[in-house]
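Some notes on the structure that comes next.
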Amino acid sequence: MLVALLAHTGWGAYPVFARYLQTVSALPSMALLALGNLLALVLYAPFVLRQIDGRVLRSRVIWGFTLVVVLRAITNLLAARFTLAIYVQLITLMTPLLVALLSAGLFREALPPYTWPAIGLSIVGSLLMMSGDIAGHGQLLSLSASDLLGIALAFGSALCLALYMLLVPRTVKDAVSGEAVLLVQLIALSMVSGALSLVLGEDLARFTALDPRDWAVFGAFVGCVLLGANVGQIAALRHLGAPLVSSTMAWRLIATLALAALLLGEQLRSLWQALGALIVLVTISAYLHRQARA
579 MLVALLAHTG
589 WGAYPVFARY
599 LQTVSALPSM
609 ALLALGNLLA
619 LVLYAPFVLR
629 QIDGRVLRSR
639 VIWGFTLVVV
649 LRAITNLLAA
659 RFTLAIYVQL
669 ITLMTPLLVA
679 LLSAGLFREA
689 LPPYTWPAIG
699 LSIVGSLLMM
709 SGDIAGHGQL
719 LSLSASDLLG
729 IALAFGSALC
739 LALYMLLVPR
749 TVKDAVSGEA
759 VLLVQLIALS
769 MVSGALSLVL
779 GEDLARFTAL
789 DPRDWAVFGA
799 FVGCVLLGAN
809 VGQIAALRHL
819 GAPLVSSTMA
829 WRLIATLALA
839 ALLLGEQLRS
849 LWQALGALIV
859 LVTISAYLHR
869 QARA
């Protein structure tokens, strides 16, 4: 459970680090994604290459995973560039509800109990969180055109994550290990985002102008999130199973709120926002806890 909470903390930190590196450090998005995943790959590959059967690369499931992961990573990173880290994490927390809806729509599975009330309460809580001035711009609603674009990207990213979670059972049938999935993901993300960076002509010279604080955040982004959170999640899933690990997913919002206040100065500034955060945390936690018990 400690490893699961640490992994959730890493994923909670993701939008904060991603937003800081893109908006404060001014790093180009695709180059950031490419270099970050490449470094994680260099650190991770030596420990797992000997354990992975090369025949796994012929699995259609793992390449389906890879396509979804690439789309998820790109939209998630860009979402943090255009809107607040708290909003990105807020949309991500809706993923279990999207999984339930997609399962019902695509596979004709029954909706878990209380799905619609959970969706309604989550929307109410989200609107309350967005009703005030988290960014400190003196607006009643802190939803600019940039925020709307970021929220749309975050929603697309959450849909990709939901599809990813629906594909997970297929890897069990194909005997694809979590280590193999992560290795292929890191390779694909490094290659695709690197190619996009070159096509877009991003200015890589910005990496030479980083100060020690920027490098510290970048190191935490690679070590604690891209590598640490992924490996921790695999370990936790192996020992606890997906329902129990997912039941503590709401912890990510707490981690995002704390780190966003520390690094970005983005924090809840009204009782209504705090109430909205509490509604989302309680609703998602209760919904996932009930599914885990079932």
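End of the sequence shown = 872 in my numbering, gap-free, step of one. Where is the CB? At the ideal position from N, CA and C, for every residue including glycine. Since the model is a prediction, treat every value here as computed from it, not as a measurement.
Test item: CB-CB of residue i and residue j under 9 Å
| i | j | result |
| --- | --- | --- |
| Ala582 | Thr826 | yes |
| Asn615 | Leu815 | no |
| Ala609 | Leu782 | yes |
| Thr661 | Ala585 | no |
| Thr587 | Ala794 | no |
| Ser607 | Arg650 | no |
| Met530 | Gly854 | Not covered by the structure: residue 530. The range shown for the chain is 579 to 872. |
| Phe657 | Val666 | Strictly speaking, residue 657 in this sequence is Ala, with Phe absent from that position. Yes, they are a contact pair. |
| Thr522 | Ala766 | Limits of the chain in this structure are 579 at one end and 872 at the other, which puts residue 522 out of reach. |
| Tyr598 | Leu841 | yes |
| Val594 | Leu837 | yes |
| Ser724 | Asn654 | no |
| Ala612 | Leu778 | no |
| Ser700 | Leu744 | no |
| Leu668 | Ser637 | no |
| Leu627 | Leu760 | no |
| Leu675 | Ile697 | yes |
| Ala758 | Ile652 | no |
| Ile812 | Gly772 | no |
Burial state of residue i (16 or more Cβ within 10 Å)
| i | result |
| --- | --- |
| Thr786 | exposed |
| Val770 | buried |
| Ser768 | buried |
| Ala604 | exposed |
| Val858 | buried |
| Gln629 | exposed |
| Trp694 | exposed |
| Ala872 | exposed |
| Trp589 | buried |
| Arg830 | buried |
| Val800 | buried |
| Leu846 | buried |
| Val809 | buried |
| Leu689 | exposed |
| Gly728 | buried |
| Leu835 | buried |
| Leu580 | exposed |
| Leu726 | exposed |
| Leu706 | buried |
| His715 | Residue placement at His715 cannot be trusted, given a pLDDT of 48 that sits under 50; what the coordinates show is reported in the next sentence. It counts as exposed. |
In chain order, each alpha helix (DSSP H) run of at least 4 residues that lies wholly inside the segment 796 to 835: With a minimum length of 4 residues, the unbroken runs of alpha helix (DSSP H) contained wholly in the segment 796 to 835 fall at 808 to 818 and 820 to 824.
Meets three-Cβ-pair contact criterion under 8 Å: the segment 731 to 745 and the segment 674 to 682: The segment 731 to 745 is in contact with the segment 674 to 682.
Cβ pair count under 8 Å reaching 3, the segment 859 to 870 against the segment 826 to 842: In short, these stretches touch, since the Cβ pair count reaches three.
Continuous alpha helix (DSSP H) assignments of at least 4 residues falling wholly in the segment 732 to 780: Taking only runs of at least 4 residues, the alpha helix (DSSP H) segments lying wholly in the segment 732 to 780 are 756 to 778.
Cβ contact (3+ pairs, closer than 8 Å) linking the segment 615 to 626 and the segment 800 to 819: The segment 615 to 626, when compared against the segment 800 to 819, does touch it at the 8 Å Cβ threshold.
Validate contact between the segment 623 to 631 and the segment 680 to 699 using beta carbons, cut 8 Å, 3 pairs: The segment 623 to 631 is not in contact with the segment 680 to 699.
Segments assigned alpha helix (DSSP H), at least 4 residues, entirely inside the segment 606 to 660: Taken in chain order, the complete alpha helix (DSSP H) segments of 4 or more residues contained in the segment 606 to 660 are 607 to 626 and 638 to 660.
Segments of 3+ residues assigned as beta strand (DSSP E) that fall wholly inside the segment 831 to 868: Secondary structure remark: continuous beta strand (DSSP E) runs of at least 3 residues inside the segment 831 to 868: none found.
Length at least 4, wholly inside the segment 656 to 691: the alpha helix (DSSP H) runs in chain order: Counting only runs of 4 or more, we get 663 to 670 and 673 to 685.
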